[in-house]
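Working notes, structure below.
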Amino acid sequence: MKILITGHAGFIGFHTAKRLLERGDSVVGIDSLNDYYDPKIKQDRLSMLDSIAKSAIGKYVSIQGNIADKALLMNIFSKHMPDRVINLAAQAGVRYSITNPEAYVESNLVGFANLLEACRHHGNPHLTYASTSSVYGANTKLPFSETDGTNHPLQFYAATKKANELMAHSYSHLFKLPTTGLRFFTVYGPWGRPDMALFMFTKNILAGEPIHVFNNGNHTRDFTYVEDIVEGVIRASDQIAEADLSWDGLAPNPSTSSAPYRIFNIGNSNPVSLMNYIEAIEISLKKKAIIDFKPLQPGDVPNTYADTKLLETAVKYTPATPVKEGVSRFVEWYKKYYNT
Numbered sequence: 028m029k030i031l032i033t034g035h036a037g038f039i040g041f042h043t044a045k046r047l048l049e050r051g052d053s054v055v056g057i058d059s060l061n062d063y064y065d066p067k068i069k070q071d072r073l074s075m076l077d078s079i080a081k082s083a084i085g086k087y088v089s090i091q092g093n094i095a096d097k098a099l100l101m102n103i104f105s106k107h108m109p110d111r112v113i114n115l116a117a118q119a120g121v122r123y124s125i126t127n128p129e130a131y132v133e134s135n136l137v138g139f140a141n142l143l144e145a146c147r148h149h150g151n152p153h154l155t156y157a158s159t160s161s162v163y164g165a166n167t168k169l170p171f172s173e174t175d176g177t178n179h180p181l182q183f184y185a186a187t188k189k190a191n192e193l194m195a196h197s198y199s200h201l202f203k204l205p206t207t208g209l210r211f212f213t214v215y216g217p218w219g220r221p222d223m224a225l226f227m228f229t230k231n232i233l234a235g236e237p238i239h240v241f242n243n244g245n246h247t248r249d250f251t252y253v254e255d256i257v258e259g260v261i262r263a264s265d266q267i268a269e270a271d272l273s274w275d276g277l278a279p280n281p282s283t284s285s286a287p288y289r290i291f292n293i294g295n296s297n298p299v300s301l302m303n304y305i306e307a308i309e310i311s312l313k314k315k316a317i318i319d320f321k322p323l324q325p326g327d328v329p330n331t332y333a334d335t336k337l338l339e340t341a342v343k344y345t346p347a348t349p350v351k352e353g354v355s356r357f358v359e360w361y362k363k364y365y366n367t
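Everything in the sequence shown is counted per the working numbering, starting at 28 for the first residue and increasing by one.
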């Protein structure tokens, strides 16, 4: 198949493009290569994709551009006519959305609307897109289920992702565009984002500098290894969303619809305390952390825990990489990449 991946120079986008090329698909990637974090790691990810593509069966095209540029996006669709679209381009980061909401409007709202329009006018290819566990917001009922309410986001980032789900449903209903939204739970692993906790903790521990641990270390997170996320993304993309024939407007299920629309959680379903996560990093580094405890940050959700039964039933897959194993793989990659 020919698959368009937005954000293919990003953390999850890179791993997804890599896996698809390795299995023989053709990949068209678009990424703005913005400077939210050091673009060098993005360039290095693209270099690796270039290397993989040389021996891959499918073709590979990499385009630098912004999905907020509607004309560019329409031209890409007209030229390449993808069979599937996987949207992983977004302005990420919870706290950054508090100080720079405009960046989220451009990428997560304008860009996503452009993508829906491009799909609508170019054959209605199945659109699979990244949402986030942050949409559960003020909900404290654990584990988080796709049938739970998500109307109380705690930061603008989560609000834009919730908006994506609503926008997708409208296009699924009006134009029969098949859409699958995937709520990711705290993704980590090699080639990760430098602004994420695992990256910053590893860097500071190695440098003998304190790590800032918020909520006094009382967080629990459903940490999910990136390769597990990618497996879920690809399986969901391969299986085109269909209308739920049993959907009832008198008792509406938020995770499905009478339109070709669905929502899945992708998480490890095994919450780990932040302190145990830090311990796994310390074990892998063979070095203790200097911990600076801090209060809960604005917009943070104290605990996350994914109910993944819907994903398991639909695509026959359950993420299962243990945190100690995933952290060890990250540390191994980090030391090699930074020659530490």
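Even for Gly, the Cβ is constructed at its ideal location relative to N, Cα and C.
Please read all numbers here as calculations on a predicted model, not as lab measurements.
Just reading off the beta strand (DSSP E) that residue i is part of, what are its end residues?
{"i": "L76", "result": "Per DSSP, L76 belongs to no beta strand (DSSP E); it is in the alpha helix (DSSP H), 66-81."}
{"i": "S158", "result": "153-159"}
{"i": "V54", "result": "53-58"}
{"i": "H239", "result": "237-240"}
{"i": "S89", "result": "87-91"}
{"i": "G369", "result": "Only positions 28 to 367 of the chain appear in the structure, and residue 369 is not among them; the question remains open."}
{"i": "L31", "result": "29-33"}
{"i": "D319", "result": "317-320"}
{"i": "Y288", "result": "288-293"}
{"i": "V342", "result": "Looking at the DSSP string, V342 is not in any beta strand (DSSP E); the run it does join, the alpha helix (DSSP H), is 336-342."}
{"i": "N114", "result": "111-114"}
Starting from residue i, trace the alpha helix (DSSP H) in both directions and tell me its first and last residue.
{"i": "H200", "result": "183-202"}
{"i": "T229", "result": "224-234"}
{"i": "T43", "result": "38-50"}
{"i": "Y361", "result": "350-364"}
{"i": "V253", "result": "253-265"}
{"i": "I308", "result": "301-312"}
{"i": "I125", "result": "123-126"}
{"i": "N102", "result": "97-107"}
{"i": "R147", "result": "138-147"}
To the nearest angstrom, how far is it from the Cα of residue i to the Cα of residue j?
{"i": "Q380", "j": "R122", "result": "Nothing can be reported for residue 380, as the shown portion of the chain is limited to 28 through 367."}
{"i": "H148", "j": "P217", "result": "37 Å"}
{"i": "K106", "j": "D62", "result": "28 Å"}
{"i": "L48", "j": "A80", "result": "7 Å"}
{"i": "D275", "j": "L99", "result": "39 Å"}
{"i": "Q70", "j": "I256", "result": "22 Å"}
{"i": "F228", "j": "L73", "result": "25 Å"}
{"i": "G37", "j": "A117", "result": "9 Å"}
{"i": "E359", "j": "N191", "result": "35 Å"}
{"i": "K97", "j": "M108", "result": "16 Å"}
{"i": "I68", "j": "G34", "result": "13 Å"}
{"i": "N231", "j": "S197", "result": "45 Å"}
{"i": "P346", "j": "Y304", "result": "18 Å"}
{"i": "G259", "j": "V328", "result": "24 Å"}
{"i": "M194", "j": "C146", "result": "13 Å"}
{"i": "A186", "j": "A224", "result": "22 Å"}
{"i": "Y361", "j": "I261", "result": "26 Å"}
{"i": "G244", "j": "D110", "result": "45 Å"}
{"i": "E352", "j": "I310", "result": "11 Å"}
{"i": "K343", "j": "I317", "result": "42 Å"}
Below 7 Å between beta carbons: does that hold for residue i and residue j?
{"i": "Y332", "j": "P281", "result": "no"}
{"i": "D319", "j": "P237", "result": "yes"}
{"i": "L136", "j": "G164", "result": "no"}
{"i": "A95", "j": "E133", "result": "yes"}
{"i": "K188", "j": "V214", "result": "no"}
{"i": "I103", "j": "I32", "result": "no"}
{"i": "F171", "j": "Y131", "result": "no"}
{"i": "A286", "j": "A270", "result": "yes"}
{"i": "F226", "j": "G219", "result": "yes"}
{"i": "G294", "j": "D249", "result": "yes"}
{"i": "S160", "j": "R210", "result": "yes"}
{"i": "T367", "j": "L233", "result": "yes"}
{"i": "V253", "j": "H42", "result": "yes"}
{"i": "V55", "j": "A44", "result": "no"}
{"i": "S296", "j": "T247", "result": "no"}
Can you find the residues in the same chain that come closer than 6 Å, C-beta to C-beta, to residue i, ignoring five residues on each side of it along the sequence?
{"i": "D52", "result": "M28, I30, G85"}
{"i": "T207", "result": "T155, A263, A268, R289"}
{"i": "N93", "result": "S59"}
{"i": "G40", "result": "I32, G34, L115"}
{"i": "T348", "result": "Y252, D255"}
{"i": "G138", "result": "I94, A95"}
{"i": "R50", "result": "none"}
With a threshold of 8 Å on Cβ separation, who are the neighbours of residue i within its own chain once the five nearest residues in sequence on each side are excluded?
{"i": "N151", "result": "F202, K203, L204, P205"}
{"i": "H179", "result": "G164, A165, N166"}
{"i": "A341", "result": "A263, Q266, R289, F291"}
{"i": "S199", "result": "P205, T206, A268, S284, A286, P287, Y288"}
{"i": "Q91", "result": "I57, D58, S59, L60"}
{"i": "A140", "result": "M194"}
{"i": "L312", "result": "T229, I232, L233, V358"}
Residues in its own chain within less than 7 Å of residue i by CB, not counting five upstream and five downstream?
{"i": "E173", "result": "P281, S282, I290, F291, N292, L337"}
{"i": "K321", "result": "H239, V240, F241"}
{"i": "P66", "result": "L60"}
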